[in-house]
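*Asks:* I am attaching a structure below and will ask some questions about it afterwards.
Number of protein chains: 2
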Amino acid sequence: MATYAVIMAGGSGTRFWPASRRLRPKQLLPLAPGDERSLLRATVERIAPLVPAERVAVVTSAELGEATARELPEVPQENLLTEPLGRNTAPCVGWAASVIGRRDPDAVLMVLPADHHIADEARFLEVLRRGIEAAEDGAIVTVGIEPTRPETGYGYLEKGAPVREGVHLARRFVEKPNRQRAEQFLASGQFLWNSGMFFFRASVILEAIAEHLPSLAEGLARLDEAAARGRETEELARTYPTLPSVSIDHGVMEKVDEVWVVPGSFGWSDLGSWTTAWELAGHDEDGNAVTPETLLEDARGNYVSAPKGKLVALVGVDDLVVVDTEDALLVVPRERAQDVRAIVARLRERGDERR
Amino acid sequence: MATYAVIMAGGSGTRFWPASRRLRPKQLLPLAPGDERSLLRATVERIAPLVPAERVAVVTSAELGEATARELPEVPQENLLTEPLGRNTAPCVGWAASVIGRRDPDAVLMVLPADHHIADEARFLEVLRRGIEAAEDGAIVTVGIEPTRPETGYGYLEKGAPVREGVHLARRFVEKPNRQRAEQFLASGQFLWNSGMFFFRASVILEAIAEHLPSLAEGLARLDEAAARGRETEELARTYPTLPSVSIDHGVMEKVDEVWVVPGSFGWSDLGSWTTAWELAGHDEDGNAVTPETLLEDARGNYVSAPKGKLVALVGVDDLVVVDTEDALLVVPRERAQDVRAIVARLRERGDERR
């Protein structure tokens, strides 16, 4: 049974503006501290010990197809699946399972986001191996991250009984909790962060989709028929907009009888915003994470990103995010970094190409 | 009696970094709001109704000579006096008085800083006319600005008895006061800001220098002799470093028996820092003074300067100064804008050309 990676790389996230742009989103940027590779490239290279590039499929949007192909020349062109428009993760996973299942009916899929950061790759690969083995045995499997803080920004999974070494039943999926519940979750030791990584045989997830998301299954069937006639691209443009826009978590994982979870602890971060970039980066004694060409004067807790050769001087400011690029500059308090989305929304509204 | 302007343009101020640089200091920048001219050019054009360019002398440093000449092509080359090094304002004024006095023994000098902002030019010219008339009559004259706030950053002059319409005796010069005294000064109505503008006949100030700064007078005499032999430039390099480094205020004005002062109120600002630039500029309803290409989101009281075409986004920040240039960026709270000097000092120390 061969394992295929399905890298979900369709994100057009706005939270790393102005470094990220519509046609150069987060996954195409080198946002991990000390790593000059894009997050997408790092994702593919990280799993190379388990999955060779020929068995890596990347799902992205049509407008990002070219940039994604350029970023991953080792991935065969036919493994690059470009969605005509984003319909959340259930259609993305379903379509990838269909396409790969046609080529290899025994395929085991490992579904991974393209834009996460993993600090401990060896432990990460161990977790992936467990997930793959469980999926080979027919299970629907997810990865749950051992929480390190009472995070309210993630969904959680409750661990159930162990099913084998390092694998548990997942008792239930839990929406983003409030602070109090998040603290209870952390204290209990029974809850894990929902990482958005999944393992299953292509045939198994397609059956689950047929049962729980029949309208998606119908659409996928139309794509299969069209593919048989060499007409998948045309059919895609017609069918994709009609697929249910729902996440694989809500649409399938939460509904199937049994989900297994592999708990893991490998320095995971979803790199959700500039705040996270600051958290992950190395800090000076005053908590600053800045470029080598930054001069600090009575400044603490700041994050600076700027082009090489640009001198940045921070005087008397604390806890700021300062991101400079050739044509746009952002200044925002670290704790409000997510609010940069408002700026991108305004740029989109007025058709500004710098979004 | 012809009036000559002596523009003191030797400043290498650091408080407008990164817009200002060692070879492009404040007076060569268009820092006045709504005015695309450099402060130096604006200074020369402002006085054109009183003094034609042929009678404008500009004293600057050797390293700024070229840039200053380029900025003022209408000023004759021989009126550009370049000091081999800065020795404060007494040598600057003394040397200019010597040079102009040689050409025109009856010359009346109007000494003006090159880097101030004047909002009301008509009222300013009125004050200058009064100063010139008084100087023609042999007085040593200064301009005192009617204070509009209890400023602790300026020296003051106390008004004495009136000597003629719009002209008073100056009772005394006062150092920068503390807050309490500044408030008393303001309330009394008897104190004026020392503007650094002076009027006197060349012969009168040279006599005063001979009396109160004999070492300066000796140096100037050596320069005169050398000039008579066509050797002033060589002598300048030898003599200038030996001249007493003292301000014309301390070295002469405070010591002569009688100084007259012309009180004025013409929207004067010494444009001392980015804070002042923010104060002078037009503000939006939230107190921001920013470039047209700045996007603000929950941001108040900020100042932004950036190159044309650069998008600047401020989110959730108040009272910041953000100055972007091609190769350097500054972020500092408005109230601490003067502390940018620390950055320039560090750049100088390490020989960084971006100072």
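From first to last, the protein sequence lines stand for chains A and B.
Going by our numbering, the residue at position 266 of the first sequence is 266; the numbering climbs one at a time, nothing skipped.
In our numbering, each number is its position in the second sequence, counted from 1, plus 1000.
All residues carry an ideal CB built from backbone N, CA and C; glycine is no exception.
Here the structure is a predicted model, which is why all the values come from computation and not from measurement.
(1) Under 8 Å Cβ to Cβ from Leu1029(B), same chain only, skipping five residues before and after it: list those, please.
(2) Counting Cβ pairs closer than 8 Å, one from the region 1249-1269 of chain B and one from the region 1306-1323 of chain B, do we hit at least three?
(3) Which of the residues in the region 181-209 of chain A, read from start to end, lie with their CB under 8 Å from any CB of chain B?
(4) May I ask you to verify whether the region 149-159 of chain A touches the region 179-190 of chain A, counting CB pairs closer than 8 Å and requiring at least 3?
(5) Note down, one range per segment and in chain order, each beta strand (DSSP E) of at least 3 residues found wholly within the region 1179-1240 of chain B.
(6) Pull the bridge partners of Arg300(A) from the DSSP assignment, please.
(7) Three or more C-beta pairs closer than 8 Å, one from the region 214-234 of chain A and one from the region 106-115 of chain A: is that the case here?
(8) Mark Arg238(A) as exposed unless 16 or more other C-beta atoms lie within 10 angstroms of its C-beta, in which case mark it buried.
(9) Could you give the C-beta distance for Val143(A) and Gly155(A), rounded to a whole number, given that I count them as a contact under 8 Å?
(10) Quick one: list the residues of chain A neighbouring Val1340(B), beta-carbon separation under 9 Å, in chain order.
(11) Measuring alpha carbon to alpha carbon, tell me which of Leu1157(B), Arg1231(B), Ala1107(B) and Val1006(B) ends up nearest Gly1264(B).
(12) Below 8 Å between beta carbons: does that hold for Leu1216(B) and Gly1065(B)?
(13) Let me confirm a value: Ala1002(B) is counted as buried when at least 16 other C-beta atoms fall within 10 Å, else exposed. Which label applies?
(14) For a quick check, are the C-beta atoms of Thr68(A) and Val58(A) less than 8 Å apart?
(15) Express the C-alpha separation of Asn1302(B) and Leu72(A) in angstroms, rounding to a whole number.
(16) For Ile343(A), go through chain B and note every residue whose CB falls closer than 8 Å to its CB, in chain order.
(17) Hey, is Ile1159(B)'s beta-carbon within less than 8 Å of any beta-carbon in chain A?
(18) Report the three-state DSSP secondary structure of Ser98(A) (helix, strand or coil).
(19) Assuming contact is defined by CB atoms lying nearer than 8 Å, are Glu78(A) and Ala62(A) in contact in what I supplied?
(20) Identify, in the order they occur along the chain, each residue of the same chain with its Cβ nearer than 6 Å to the Cβ of Leu295(A), setting aside the five sequence neighbours on each side.
(21) Which residues of chain A have a Cβ atom closer than 8 Å to the Cβ of Gly1309(B), listed in chain order?
(22) Assess contact between the region 1093-1108 of chain B and the region 1192-1212 of chain B, defined as three or more Cβ pairs (one per stretch) separated by less than 8 Å. Is contact present?
(23) Return the Cβ separation of Ala1005(B) and Ile1047(B) in integer angstroms, given the expectation that the two are a contact with Cβ distance under 8 Å.
(24) How is the alpha helix (DSSP H) around Trp17(A) delimited, first residue to last?
(25) State the start and end residues of the unbroken beta strand (DSSP E) segment that holds Leu1080(B).
(26) Identify whether Glu1326(B) lies in helix, strand or coil by the three-state DSSP scheme.
(27) Tell me the rounded alpha-carbon separation between Leu1236(B) and Pro1052(B).
(28) Is the Cβ of Leu1330(B) closer than 8 Å to any Cβ of chain A?
(29) With a threshold of 8 Å between beta-carbons, can Pro1292(B) be considered close to chain A, or not?
(30) What did DSSP end up calling Pro1263(B) once you bin it into helix, strand or coil?
(31) On a Cα-Cα basis, can you pick out the residue from Arg1334(B), Glu1258(B), Gly1013(B) and Val1340(B) that is closest to Lys1159(B)?
(32) Starting from the C-beta of Ala1134(B), find all residues in its chain whose C-beta is less than 6 Å away, skip the five residues before and the five after it, and write them out in chain order.
(33) Answer yes or no: does any C-beta atom of chain A fall closer than 8 Å to that of Ala1306(B)?
(34) In or out: Pro177(A) buried (at least 16 other Cβ within 10 Å) or exposed?
(35) Within 8 Å (strictly less), CB to CB, does Pro25(A) reach chain B?
(36) Between which two residues does the beta strand (DSSP E) holding Ile140(A) run?
*Replies:* So, from the listed chains and residues:
(1) As a first step, residue 1029(B) is located in the second sequence; it is residue number 29 there, counting from the start. Cβ within range, chain order: Phe1016, Ala1019, Ser1020, Ser1038 and Leu1039.
(2) no
(3) Against chain B - using a Cβ distance shorter than 8 Å - the region 181-209 of chain A contributes no residues.
(4) Flag = yes, the region 149-159 of chain A and the region 179-190 of chain A touch.
(5) 1191-1201
(6) As a working note, residue 300(A) is residue 300 in the first sequence. Under DSSP, Arg300(A) takes part in a beta bridge, and its partners are Asp318(A).
(7) no
(8) Translated into the one-based positions of the first sequence, residue 238(A) becomes position 238. With fewer than 16 Cβ atoms within 10 Å of its Cβ, Arg238(A) is classed as exposed.
(9) Position 143 of the first sequence, counted from the first residue, corresponds to residue 143(A). Position 155 of the first sequence, counted from the first residue, corresponds to residue 155(A). Incorrect: roughly 13 Å between the Cβ atoms, too far for contact.
(10) The count along the second sequence starts at 1 and reaches residue 1340(B) at position 340. Neighbours of Val1340(B) in chain A, taken as residues whose beta carbon is under 9 Å from its own, are Glu297, Ala313 and Val315 in chain order.
(11) In the second sequence, the residue the question calls residue 1264(B) occupies position 264. Measuring from the Cα of Gly1264(B), the nearest candidate turns out to be Leu1157(B).
(12) Position 216 of the second sequence holds residue 1216(B). Position 65 of the second sequence holds residue 1065(B). No, these two residues do not count as a Cβ contact at 8 Å.
(13) Within the second sequence, the letter at position 2 stands for residue 1002(B). Flag for Ala1002(B) reads exposed.
(14) Looking up residue 68(A) in the first sequence gives position 68. Looking up residue 58(A) in the first sequence gives position 58. Contact flag set, yes.
(15) As a position in the first sequence, residue 72(A) is number 72, starting the count at 1. As a position in the second sequence, residue 1302(B) is number 302, starting the count at 1. Those two C-alpha atoms are separated by around 43 Å.
(16) Mapped onto the first sequence, residue 343(A) falls at position 343. Ordered by position in chain B, the residues that pass the 8 Å Cβ test against Ile343(A) are Leu1295, Glu1297, Ala1313 and Val1315.
(17) By one-based count along the second sequence, residue 1159(B) stands at place 159. According to the sequence as given, residue 1159(B) is Lys; it is not Ile. Not an interface residue.
(18) As a first step, residue 98(A) must be located in the first sequence, where it is residue number 98. Here Ser98(A) sits in helix by DSSP.
(19) To locate residue 78(A), count along the first sequence from 1; it is residue 78. To locate residue 62(A), count along the first sequence from 1; it is residue 62. No. Outside cutoff.
(20) For the purposes of this step, residue 295(A) is identified with residue 295 of the first sequence, where counting begins at 1. Here the set comprises Ala313.
(21) For the purposes of this step, residue 1309(B) is identified with residue 309 of the second sequence, where counting begins at 1. Ordered by position in chain A, the residues that pass the 8 Å Cβ test against Gly1309(B) are Asp327.
(22) Between the region 1093-1108 of chain B and the region 1192-1212 of chain B, the count of C-beta pairs closer than 8 Å reaches three or more; the two stretches touch.
(23) Locating residue 1005(B) in the second sequence gives position 5, where the first residue counts as 1. Locating residue 1047(B) in the second sequence gives position 47, where the first residue counts as 1. Right, their Cβ atoms sit about 6 Å apart.
(24) By one-based count along the first sequence, residue 17(A) stands at place 17. From DSSP, Trp17(A) is part of no alpha helix (DSSP H); its letter is neither H nor E.
(25) Against the second sequence, residue 1080(B) aligns to sequence position 80. Leu1080(B) -> beta strand (DSSP E) spans Leu1080 to Glu1083.
(26) By 1-based counting over the second sequence, the position of residue 1326(B) is 326. Glu1326(B) falls in the coil class under three-state DSSP.
(27) Residue 1236(B) sits at position 236 when you count from the first residue of the second sequence. Residue 1052(B) sits at position 52 when you count from the first residue of the second sequence. Distance between the alpha carbons of Leu1236(B) and Pro1052(B): 27 Å.
(28) Within the second sequence, the letter at position 330 stands for residue 1330(B). So yes, Leu1330(B) belongs to the interface.
(29) Here the question's residue 1292(B) lines up with position 292 in the second sequence. Closer than 8 Å: no.
(30) Taking the first residue of the second sequence as 1, we reach residue 1263(B) at position 263. Strand, per DSSP.
(31) Along the second sequence, one-based indexing puts residue 1159(B) at 159. Answer by Cα proximity: Glu1258(B).
(32) Translated into positions along the second sequence, residue 1134(B) becomes position 134. Once the five neighbours on either side are set aside, the close Cβ partners of Ala1134(B) are Val1141, Val1167 and Trp1260.
(33) Numbered from 1 along the second sequence, position 306 holds the residue referred to as residue 1306(B). Ala1306(B) counts as touching chain A.
(34) Sequence index remark: in the first sequence, residue 177(A) carries index 177 (1-based). Buried is the call here.
(35) Walking along the first sequence from the start, residue 25(A) turns up at place 25. No, Pro25(A) lies away from the interface with chain B (no Cβ there is under 8 Å from its Cβ).
(36) For this step, residue 140(A) is matched to residue 140 along the first sequence. Note, Ile140(A): premise wrong, no beta strand (DSSP E); not H, not E.
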